[in-house]
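Asker:
Listed below in C-alpha coordinates is the structure:
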(Lines of atoms letter the chains of each structure in order from A; the text may use other names.)
(Lines give C-alpha, C1' and ligand atoms only; values in the text may rest on other atoms or scores of the structure.)
Protein backbone atom coordinates (compact mmCIF):
# COMPACT_ATOMS: atom_id res chain seq x y z
CA UNK A 127 0.00 0.00 0.00
CA UNK A 128 2.81 2.44 0.88
CA UNK A 129 4.52 1.68 -2.43
CA UNK A 130 1.30 2.47 -4.30
CA UNK A 131 0.98 5.78 -2.46
CA UNK A 132 4.59 6.64 -3.36
CA UNK A 133 3.97 5.72 -7.00
CA UNK A 134 0.78 7.78 -7.14
CA UNK A 135 2.33 10.79 -5.39
CA UNK A 136 5.51 10.73 -7.51
CA UNK A 137 3.60 10.61 -10.77
CA UNK A 138 0.97 13.07 -9.53
CA UNK A 139 3.78 15.60 -8.88
CA UNK A 140 5.20 14.91 -12.33
CA UNK A 141 1.80 15.45 -13.90
CA UNK A 142 1.21 18.58 -11.85
CA UNK A 143 4.53 20.34 -12.39
CA UNK A 144 5.67 19.22 -15.84
CA UNK A 145 4.53 21.64 -18.51
CA UNK A 146 5.15 21.27 -22.23
CA UNK A 147 4.15 17.70 -22.90
CA UNK A 148 5.77 14.32 -22.46
CA UNK A 149 9.30 15.16 -23.52
CA UNK A 150 9.42 18.01 -21.05
CA UNK A 151 8.43 15.53 -18.31
CA UNK A 152 11.37 13.19 -18.95
CA UNK A 153 13.80 14.97 -16.57
CA UNK A 154 11.18 14.99 -13.80
CA UNK A 155 10.31 11.33 -14.33
CA UNK A 156 14.01 10.46 -14.32
CA UNK A 157 14.61 12.31 -11.04
CA UNK A 158 11.67 10.60 -9.30
CA UNK A 159 12.44 7.12 -10.62
CA UNK A 160 16.14 7.32 -9.73
CA UNK A 161 15.50 8.99 -6.35
CA UNK A 162 13.34 6.05 -5.28
CA UNK A 163 15.69 3.48 -6.83
CA UNK A 164 12.90 2.09 -8.98
CA UNK A 165 15.08 1.91 -12.12
CA UNK A 166 18.70 2.37 -13.17
CA UNK A 167 19.65 5.06 -15.69
CA UNK A 168 19.90 2.42 -18.42
CA UNK A 169 16.52 0.91 -17.52
CA UNK A 170 15.04 4.41 -17.56
CA UNK A 171 16.45 5.04 -21.04
CA UNK A 172 14.82 1.77 -22.15
CA UNK A 173 11.49 2.84 -20.64
CA UNK A 174 11.66 6.14 -22.55
CA UNK A 175 12.46 4.29 -25.79
CA UNK A 176 9.58 1.85 -25.28
CA UNK A 177 7.27 4.72 -24.33
CA UNK A 178 8.09 6.44 -27.62
CA UNK A 179 7.43 3.28 -29.62
CA UNK A 180 4.02 2.57 -28.11
CA UNK A 181 0.86 4.54 -28.84
CA UNK A 182 -0.05 7.29 -26.43
CA UNK A 183 1.63 10.14 -24.59
CA UNK A 184 5.18 9.42 -23.47
CA UNK A 185 4.56 10.49 -19.86
CA UNK A 186 1.53 8.23 -19.54
CA UNK A 187 3.36 5.32 -21.14
CA UNK A 188 6.39 5.90 -18.90
CA UNK A 189 4.21 6.01 -15.79
CA UNK A 190 2.47 2.81 -16.86
CA UNK A 191 5.74 0.98 -17.58
CA UNK A 192 7.42 2.15 -14.35
CA UNK A 193 4.33 1.35 -12.28
CA UNK A 194 4.09 -2.10 -13.82
CA UNK A 195 7.80 -2.75 -13.24
CA UNK A 196 7.48 -1.77 -9.58
CA UNK A 197 4.08 -3.16 -8.59
CA UNK A 198 2.53 -5.09 -11.49
CA UNK A 199 -0.92 -4.15 -12.83
CA UNK A 200 -2.01 -2.25 -9.72
CA UNK A 201 1.21 -0.20 -9.82
CA UNK A 202 0.68 0.58 -13.50
CA UNK A 203 -2.85 1.74 -12.77
CA UNK A 204 -1.89 3.90 -9.80
CA UNK A 205 1.07 5.55 -11.58
CA UNK A 206 -0.99 6.20 -14.72
CA UNK A 207 -3.88 7.76 -12.80
CA UNK A 208 -1.35 9.81 -10.83
CA UNK A 209 0.27 11.32 -13.91
CA UNK A 210 -3.01 11.94 -15.77
CA UNK A 211 -5.18 13.35 -12.99
CA UNK A 212 -3.42 16.73 -12.57
CA UNK A 213 -3.39 17.33 -16.32
CA UNK A 214 -7.06 16.52 -16.58
CA UNK A 215 -8.01 18.86 -13.75
CA UNK A 216 -5.66 21.66 -14.81
CA UNK A 217 -6.77 21.42 -18.44
CA UNK A 218 -10.38 21.96 -17.43
CA UNK A 219 -9.45 24.98 -15.32
CA UNK A 220 -7.01 26.52 -17.80
CA UNK A 221 -9.34 26.03 -20.75
CA UNK A 222 -12.03 27.93 -18.93
CA UNK A 223 -9.67 30.76 -17.96
CA UNK A 224 -7.80 31.03 -21.29
CA UNK A 225 -10.92 31.07 -23.45
CA UNK A 226 -12.47 33.70 -21.22
CA UNK A 227 -9.32 35.87 -21.34
CA UNK A 228 -7.44 34.93 -24.51
CA UNK A 229 -7.04 38.49 -25.77
CA UNK A 230 -5.80 39.91 -22.47
CA UNK A 231 -2.17 41.01 -22.07
CA UNK A 232 -1.46 38.68 -19.13
CA UNK A 233 -2.45 35.53 -21.05
CA UNK A 234 -0.24 36.57 -23.97
CA UNK A 235 2.58 37.33 -21.51
CA UNK A 236 2.37 33.94 -19.83
CA UNK A 237 2.64 32.13 -23.18
CA UNK A 238 5.59 34.31 -24.20
CA UNK A 239 7.47 33.07 -21.13
CA UNK A 240 6.33 29.45 -21.08
CA UNK A 241 7.30 28.62 -24.68
CA UNK A 242 11.07 29.15 -24.28
CA UNK A 243 11.05 27.33 -20.93
CA UNK A 244 9.46 24.31 -22.61
CA UNK A 245 12.12 24.35 -25.34
CA UNK A 246 14.78 24.21 -22.61
CA UNK A 247 13.07 21.24 -20.92
CA UNK A 248 12.88 19.34 -24.19
CA UNK A 249 16.56 20.10 -24.86
CA UNK A 250 17.45 18.79 -21.40
CA UNK A 251 15.75 15.49 -22.31
CA UNK A 252 18.11 15.23 -25.27
CA UNK A 253 21.12 15.92 -23.07
CA UNK A 254 19.97 13.35 -20.48
CA UNK A 255 19.24 10.56 -22.97
CA UNK A 256 22.08 11.04 -25.45
CA UNK A 257 24.91 9.47 -23.38
CA UNK A 258 22.98 6.24 -22.74
CA UNK A 259 21.40 5.99 -26.19
CA UNK A 260 24.21 6.79 -28.63
CA UNK A 261 27.31 4.75 -27.77
CA UNK A 262 28.92 4.11 -31.15
CA UNK A 263 29.57 5.72 -34.50
CA UNK A 264 26.82 3.62 -36.09
CA UNK A 265 24.30 4.68 -33.43
CA UNK A 266 25.38 8.29 -33.92
CA UNK A 267 24.83 7.99 -37.68
CA UNK A 268 21.40 6.45 -37.07
CA UNK A 269 20.48 9.34 -34.75
CA UNK A 270 21.69 11.99 -37.21
CA UNK A 271 19.95 10.30 -40.14
CA UNK A 272 16.66 10.05 -38.27
CA UNK A 273 16.95 13.69 -37.15
CA UNK A 274 17.53 14.87 -40.71
CA UNK A 275 14.65 12.75 -42.03
CA UNK A 276 12.30 14.09 -39.33
CA UNK A 277 13.25 17.70 -40.08
CA UNK A 278 13.40 17.50 -43.89
CA UNK A 279 10.77 14.93 -44.91
CA UNK A 280 7.34 13.76 -43.99
CA UNK A 281 8.47 10.25 -43.08
CA UNK A 282 6.48 9.03 -40.11
CA UNK A 283 8.41 8.83 -36.84
CA UNK A 284 6.88 5.37 -36.40
CA UNK A 285 8.47 4.20 -39.64
CA UNK A 286 11.84 5.57 -38.52
CA UNK A 287 11.57 3.89 -35.11
CA UNK A 288 10.63 0.61 -36.78
CA UNK A 289 13.55 0.89 -39.22
CA UNK A 290 15.95 1.72 -36.37
CA UNK A 291 14.76 -1.32 -34.43
CA UNK A 292 15.00 -3.53 -37.52
CA UNK A 293 18.54 -2.31 -38.19
CA UNK A 294 19.53 -2.98 -34.56
CA UNK A 295 18.08 -6.47 -34.79
CA UNK A 296 20.02 -7.15 -37.98
CA UNK A 297 23.25 -5.95 -36.37
CA UNK A 298 22.59 -8.14 -33.33
CA UNK A 299 21.94 -11.19 -35.56
CA UNK A 300 25.12 -10.80 -37.58
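In the numbering used here, the protein residues as written are 127 to 300.
Ideal placement from N, C-alpha and C gives every residue a C-beta, glycine not left out.
Model, not experiment: these values are computed from the prediction.
Alpha carbon to alpha carbon, how far is residue 269 from residue 263? Give it in angstroms, no decimals.
Answerer: Within the chain shown, numbered from 1, the residue matching residue 263 stands at position 137. Within the chain shown, numbered from 1, the residue matching residue 269 stands at position 143. The alpha-carbon atoms of residue 263 and residue 269 are separated by roughly 10 Å.
Asker: Excluding the 5 residues flanking residue 138 on each side, which residues of the same chain have their C-beta closer than 8 Å to its C-beta?
Answerer: Residue numbering aside, residue 138 sits at position 12 when the chain shown is read from its first letter. These residues qualify, in order along the chain: 208, 209, 211 and 212.
Asker: I want to know whether the stretch 218-234 touches the stretch 153-171 - three or more CB-CB distances under 8 Å.
Answerer: The way I'd put it, the stretch 218-234 doesn't touch the stretch 153-171; fewer than three beta-carbon pairs between them come closer than 8 Å.
Asker: If we count the other Cβ atoms within 10 Å of its Cβ and call it buried at 16 or more, is residue 187 buried or exposed?
Answerer: If you number the chain shown from 1, residue 187 lands on position 61. Under this definition residue 187 is a buried residue.
Asker: When you compare each of 297, 173 and 201 to residue 132 by their alpha carbons, which one comes out closest?
Answerer: Residue 132 sits at position 6 when you count from the first residue of the chain shown. Closest option to residue 132, Cα to Cα, is 201.
Asker: Using CA atoms only, rank isn't needed, just tell me which of 143, 190 and 227 is closest to residue 105.
Answerer: Nothing about residue 105 can be reported from this structure: the residues present for the chain run from 127 to 300 only.
Asker: Pull up the CB-CB distance for residue 192 and residue 134, whole angstroms please, since I reckon it's below 8 Å.
Answerer: Counted from its first residue, the chain shown places residue 192 at position 66. Counted from its first residue, the chain shown places residue 134 at position 8. Contact doesn't hold; Cβ gap of about 12 Å is too wide.
Asker: Specify the secondary structure class of residue 280 as computed by DSSP and reduced to three states.
Answerer: To locate residue 280, count along the chain shown from 1; it is residue 154. Looking at residue 280 - three-state DSSP - the assignment turns out to be coil, as it is neither helix nor strand.
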